[in-house]
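Working notes for the structure below.
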Amino acid sequence: TMLKGMTRLISRVHKAKHGEQHEGQHYNIPLQDLKAVFPHGLPPRFVMQVKTFNEACLMVRKPALELLHYLKNTNFAHPAVRYVLYGEKGTGKTLSLCHIIHFCAKQDWLILHIPDAHLWVKNCRNLLQSTYNKQRLDQPLEASIWLKNFKTANERFLSQIKVQEKYVWNKRESTEKGSPLGEVVEQGITRVRNATDAVGIVLKELKRQSSSGIFHLLVAVDGVNALWGRTTLKREDKSPIAPEELALIYNLRKMVKNDWHGGAIVLTLSQTGSVFKPRKAFLPQELLGKEGFDTLDPFIPILVSNYNPKEFESCIQYYLENSWLQHEKAHTEDGKKELLFLSNTNPGQLERLCAYL
Amino acid sequence: KAGCPWTKEGNLELLKIPNFLHLTPVAIKKHCEALKGEKGFHTAHSEEQHYILQYLKFCTEWPAALDNDEKCEKHFPVEIETADYVSAGPSVRNPKARVVTLRVKLSSLNLDDHAKKKLIKLVGERYCKTTDVLTIRTDRCPLKRQNYDYAVYLLTVLYHESWKTEEWEKNKTEADMEEYVWENSSSEKNILETLLQIKAAEKNLEVNKEELLGTKEVEDYRKSVVSLKNEGDNESTLSQYKESVKRLLNLT
């Protein structure tokens with residue numbers, strides 16, 4: 001219908017050309033891109049929306065535009081800059097991160113995406129003592145899942161990038177120097193015991209080699225505050241495990257430091273899914289704590305807030321166009337005012353409210 | 001009977017009411033006017049007038065030179081607050097009257113930086129940061145006089161102890177610090193490291209630490225980090241921090 005074009009950008013407009021004039025409008029991510037770029041990145045409710053509407057549309061908003069501007073002007077010779085998206089619950093931090101990831105993927109960056117760092121510090125079973133370092137613990141399940149998704153997202157790089165040293169897995173298996181990185185990933189996927197070490201190797205090699213200029217590296221971590229908080233995990237003797245005792249966390253911490261160049265680091269702070277943090281917490285120092293802040297400093301904090309009037313209107317229009325709002329009052333001014341009041345222009349709240357209409 | 005302290009039993013004085021609560025203000029004024037009119041003559045006084053005369057001996061004029069709060073504070077920095085209780089009953093005693101509150105501004109005391117910080121740590125909740133007032137409230141002794149002496153004693157001991165530096169004070173860690181100090185902090189180290197790397201990328205190896213850290217951008221950054229740490233996160237401190245980092249890292 002004619003109305004459909006109103007809130008959409010013509011899909012031919014390349015993402016790189018997203019600018020301020022596009023603020024508030026939705027842009028379409030082709031569905032085949034979704035599988036390749038986001039094997040594990042999209043928030044569950046958004047995935048449901050994509051399935052329902054049979055299309056993936058993200059709203060172009062200020063925080064992402066700001067970030068895109070910085071990224072487009074990245075000086076790859078300088079240390080990687082840390083950008084931290086923060087904001088109240090449901091304002092759109094994760095989706096802003098996804099927007100950035102899609103942009104970088106289209107620009108052919110290598111994407112190192114940890115979709116929810118909180119998953120690595122809670123409810124993990126089958127922890128093993130690390131063979132590499134006895135003080136640390138492996139998380140075979142989490143590591144192998146991540147490796148599978150990493151492979152899907154970055155398939156083409158895995159044969160291009162070669163490891164720069166020999167890695168010995170056990171008495172019979174080893175990966176020779178100069179082998180493609182894909183072999184390390186395969187080893188981790190097939191031999192789950194080695195998965196955590198494989199992740200560590202991937203991280204180490206990527207960090208080392210991004211400086212060489214073969215590829216640009218985007219480190220994207222959602223819920224980065226999990227790295228310096230507490231875990232809910234306990235050893236067999238019921239003693240609590242600190243985050244740095246988990247090999248995955250230990251290695252990930254190294255990736256968010258700015259002692260490498262050739263890419264960028266985009267992080268979000270998230271209370272959702274975090275452990276031992278009050279529900280209303282969203283400010284950087286609250287969620288990161290002293291250790292986290294001191295590690296990430298200096299960083300660029302970027303606030304993600306609720307919808308402004310233009311964005312709110314655009315979101316309602318989008319739902320109306322997709323025939324999502326069935327209530328007869330939904331398109332009236334009064335109906336919109338009611339939604340505005342009930343949701344307080346919070347994107348997450350609005351989406352939940354509209355799900356019932 | 002004369003010369004021997006009166007016993008409690010059958011003592012008429014104890015049965016008399018020890019306060020003037022039964023008089024109206026008008027009546028008191030009349031009595032006082034009558035007394036004022038006397039110039040040393042022996043006149044017959046009523047019971048009430050007798051007592052008023054006794055009390056008047058202890059009342060003096062407020063010193064004229066102390067006509068504002070600043071002068072009072074300057075000459076008498078220590079403020080003692082006590083409460084007396086009257087009730088319509090035979091006994092003058094009231095256990096609540098033993099409480100003594102001592103207040104003093106720390107700026108009136110001669111304390112150097114270390115002594116002031118130590119004293120504040122020692123007294124804990126008793127110090128109010130916004131008014132700079134130390135409040136010591138004592139009530140553990142049964143008598144007002146004893147509590148007053150104890151409060152003064154506490155103040156003296158606190159003062160002397162804060163000036164001393166003990167062995168265990170060497171173990172003060174970053175977590176014990178009252179306010180954030182940027183020098184030698186991890187923030188300073190991080191920014192130095194980052195700037196050095198930036199310079200290295202530009203093939204500029206001839207830089208030294210003082211030069212790098214002496215620029216205006218670093219100074220603004222330092223201020224923003226100190227605000228952030230001392231005041232906490234808010235719109236103003238965060239945006240100040242953001243702008244200073246952007247300038248430091250040359251982000252448009």
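Listed in order, the protein sequences are those of chains A and B. Reading the first sequence from the start, the letters are residues 1 to 357 in UniProt numbering. Reading the second sequence from the start, the letters are residues 1 to 252 in UniProt numbering. Where is the CB? At the ideal position from N, CA and C, for every residue including glycine. All values reported here derive from a predicted model rather than from experimental measurement.
B:Val-245 touches chain A at which residues, Cβ-Cβ below 8 Å?
Numbered from its first residue, the second sequence carries residue 245 of chain B at position 245. By Cβ distance, chain A contributes Pro-298, Phe-299, Ile-300.
What did DSSP end up calling A:Gly-263 once you bin it into helix, strand or coil?
Taking the first residue of the first sequence as position 1, residue 263 of chain A is located at position 263. Correct three-state label for A:Gly-263: strand.
Counting only beta-carbon separations shorter than 8 Å, does A:Ala-77 have a partner in chain B?
In the first sequence, counting from the first residue as 1, residue 77 of chain A sits at position 77. Judged by the 8 Å Cβ criterion, A:Ala-77 is in contact with chain B.
Using a Cβ cut-off of 9 Å, pull out every chain A residue sitting near residue 276 of chain B, in sequence order please.
Examination of residue 276 of chain B is not possible in this model, given that chain B is present from 1 through 252 alone.
Run through DSSP, which three-state label would B:Asp-27 get?
Residue mapping note: residue 27 of chain B aligns to position 27 of the second sequence, counting from 1. Per the sequence shown, the amino acid found at residue 27 of chain B is Ala instead of Asp. The answer is helix: DSSP assigns B:Ala-27 an H, G or I state.
Does B:Arg-103 come out as helix, strand or coil in the three-state DSSP assignment?
For the purposes of this step, residue 103 of chain B is taken as residue 103 along the second sequence, with counting starting at 1. Here B:Arg-103 sits in strand by DSSP.
I'd like to know whether the C-beta of B:Ser-187 is nearer than 8 Å to at least one C-beta of chain A.
Residue numbering aside, residue 187 of chain B sits at position 187 when the second sequence is read from its first letter. So yes, B:Ser-187 belongs to the interface.
Between the Cα of A:Leu-147 and those of A:Ile-161, A:Gln-317, A:Gln-164, A:Arg-191, spot the shortest distance and give me the residue it belongs to.
By 1-based counting over the first sequence, the position of residue 147 of chain A is 147. When A:Ile-161, A:Gln-317, A:Gln-164, A:Arg-191 are compared, the shortest CA-CA separation from A:Leu-147 is found for A:Arg-191.
For A:Thr-268 and A:Lys-93, believed in contact at Cβ under 8 Å, the rounded distance
Residue numbering aside, residue 93 of chain A sits at position 93 when the first sequence is read from its first letter. Residue numbering aside, residue 268 of chain A sits at position 268 when the first sequence is read from its first letter. Contact flag correct, Cβ pair sits at about 4 Å.
May I ask you to list the residues that DSSP assigns as paired with A:Tyr-167?
The residue you call residue 167 of chain A lines up with position 167 of the first sequence. Per DSSP, the beta bridge partners of A:Tyr-167 are A:Thr-175.
Can you pull the chain A neighbours of B:Asn-184, defined as C-beta to C-beta under 7 Å?
By 1-based counting over the second sequence, the position of residue 184 of chain B is 184. Those do not exist, as B:Asn-184 stays about 13 Å from chain A at its closest Cβ, beyond 7 Å.
Please name the residue, chosen from A:Ala-80, A:Leu-71, A:Glu-88, that lies closest to A:Leu-287 on a Cα-to-Cα basis.
Translated into positions along the first sequence, residue 287 of chain A becomes position 287. Here the closest residue by C-alpha is A:Glu-88.
From the DSSP output, in three-state form, read off A:Tyr-83 for me.
Numbered from its first residue, the first sequence carries residue 83 of chain A at position 83. In the three-state reduction of the DSSP assignment, A:Tyr-83 falls in the strand class, which pools E and B.
Bridge partner(s) assigned by DSSP for B:Cys-72
Translated into positions along the second sequence, residue 72 of chain B becomes position 72. DSSP output for B:Cys-72 lists no bridge partner at all.
Assign A:His-102 to one of two classes, buried (16 or more other C-beta atoms within 10 Å of its C-beta) or exposed (fewer than that).
Counting from 1 along the first sequence, the entry for residue 102 of chain A is found at position 102. The residue is buried, with at least 16 neighbouring Cβ atoms inside 10 Å.
With a 10 Å radius around its C-beta and 16 neighbouring C-beta atoms as the bar for buried, classify B:Val-157 as buried or exposed.
Here residue 157 of chain B refers to the residue found at position 157 of the second sequence. B:Val-157 should be labelled exposed.
Going along the chain, which residues of its own chain have a beta-carbon closer than 6 Å to the beta-carbon of A:Thr-1, five neighbours each way excluded?
As a first step, residue 1 of chain A is located in the first sequence; it is residue number 1 there, counting from the start. Bear in mind that the predicted position of A:Thr-1 carries a pLDDT of just 36, short of 50, making it too unreliable to give a figure here.
Boundaries (first-last residue) of the beta strand (DSSP E) holding B:Leu-119:
As a working mapping, residue 119 of chain B is identified with position 119 in the second sequence. Looking at the DSSP string, B:Leu-119 is not in any beta strand (DSSP E); the run it does join, the alpha helix (DSSP H), is 113-123.
Rounded Cβ spacing between A:Gly-223 and A:Asp-116 (contact assumed at less than 8 Å)
Within the first sequence, the letter at position 223 stands for residue 223 of chain A. Within the first sequence, the letter at position 116 stands for residue 116 of chain A. A:Gly-223 to A:Asp-116, Cβ: 5 Å. Contact.
Rounded separation between B:Pro-5 and B:Asn-11 - CA only:
The count along the second sequence starts at 1 and reaches residue 5 of chain B at position 5. The count along the second sequence starts at 1 and reaches residue 11 of chain B at position 11. The alpha-carbon atoms of B:Pro-5 and B:Asn-11 are separated by roughly 11 Å.
For A:Ala-56, count neighbouring Cβ atoms within 10 angstroms of its own Cβ and tell me buried if that reaches 16, exposed if not.
For the purposes of this step, residue 56 of chain A is identified with residue 56 of the first sequence, where counting begins at 1. Counting the other Cβ atoms within 10 Å of the Cβ of A:Ala-56 gives 16 or more, which makes it buried.
Contact list for the stretch 209-243 of chain B against chain E, Cβ threshold 9 Å
Protein chains in the displayed structure are A and B, and chain E is not among them.
Could you please give me the residues that DSSP links to B:Arg-137 through a beta bridge?
Residue mapping note: residue 137 of chain B aligns to position 137 of the second sequence, counting from 1. Beta-bridge partners assigned by DSSP to B:Arg-137: B:Thr-101.
Could you tell me whether the Cβ of A:Leu-71 comes closer than 8 Å to any Cβ of chain B?
Within the first sequence, numbered from 1, the residue matching residue 71 of chain A stands at position 71. Chain B, which has no Cβ nearer than 8 Å to the Cβ of A:Leu-71, makes this no.
I'd like to know whether the C-beta of A:Leu-9 is nearer than 8 Å to at least one C-beta of chain B.
Position 9 of the first sequence, counted from the start, is the residue given in the question as residue 9 of chain A. Note on A:Leu-9: pLDDT 47, under 50, position unreliable in the model; no value is reported.
Give me the residue from B:Ser-107, B:Leu-66, B:Thr-131, B:Ala-27 with the minimum Cα distance to B:Ile-52.
Indexing the second sequence from 1 puts residue 52 of chain B at position 52. Ranking B:Ser-107, B:Leu-66, B:Thr-131, B:Ala-27 by CA distance to the CA of B:Ile-52 puts B:Ala-27 first.
Could you pull the start and end residues of the alpha helix (DSSP H) that A:Ile-302 belongs to?
Translated into positions along the first sequence, residue 302 of chain A becomes position 302. Per DSSP, A:Ile-302 belongs to no alpha helix (DSSP H); it is in the beta strand (DSSP E), 299-303.
Closest to A:Ile-145 by C-alpha separation, out of A:Leu-320, A:Pro-39, A:Asp-334, A:Lys-280, would be which residue?
Reading the first sequence from its first residue, position 145 is the one you call residue 145 of chain A. The closest CA to that of A:Ile-145, considering only A:Leu-320, A:Pro-39, A:Asp-334, A:Lys-280, is found on A:Pro-39.
Under 9 Å from the C-beta of A:Gln-285: neighbouring residues of chain B
Within the first sequence, numbered from 1, the residue matching residue 285 of chain A stands at position 285. Leu-228, Lys-229, Gly-232, Asp-233, listed in chain order.
Pop quiz: A:Val-304 and B:Leu-251 are said to be a contact at Cβ under 8 Å. What is the actual Cβ separation, rounded to whole angstroms?
By 1-based counting over the first sequence, the position of residue 304 of chain A is 304. By 1-based counting over the second sequence, the position of residue 251 of chain B is 251. About 18 Å; that fails the 8 Å criterion.
So with Cβ pairs under 8 Å, would you call A:Arg-352 a contact of chain B?
Taking the first residue of the first sequence as position 1, residue 352 of chain A is located at position 352. Using beta-carbon distances, A:Arg-352 does not count as an interface residue toward chain B, since no partner is under 8 Å.
Verify whether the separation of the beta carbon atoms of B:Glu-179 and B:Asn-234 is less than 8 Å.
Counting from one through the second sequence, the residue named residue 179 of chain B turns up at place 179. Counting from one through the second sequence, the residue named residue 234 of chain B turns up at place 234. At a Cβ-Cβ threshold of 8 Å, B:Glu-179 and B:Asn-234 do not count as neighbours.
Own chain partners of A:His-99 with C-beta closer than 7 Å, once the 5 adjacent residues on each side are dropped:
Counted from its first residue, the first sequence places residue 99 of chain A at position 99. These residues qualify, in order along the chain: Leu-58, Ala-64.
According to DSSP, simplified to helix, strand and coil, what is A:Met-6?
For the purposes of this step, residue 6 of chain A is taken as residue 6 along the first sequence, with counting starting at 1. Note on A:Met-6: pLDDT 43, under 50, position unreliable in the model; the coordinate value appears next. It is coil, neither helix nor strand.
Which of the three DSSP states is assigned to A:Gln-285 in this structure?
Numbered from its first residue, the first sequence carries residue 285 of chain A at position 285. Residue state, collapsed to three classes: helix.
So with Cβ pairs under 8 Å, would you call B:Ile-28 a contact of chain A?
Counted from its first residue, the second sequence places residue 28 of chain B at position 28. Look at B:Ile-28: its C-beta is not under 8 Å from any C-beta on chain A.
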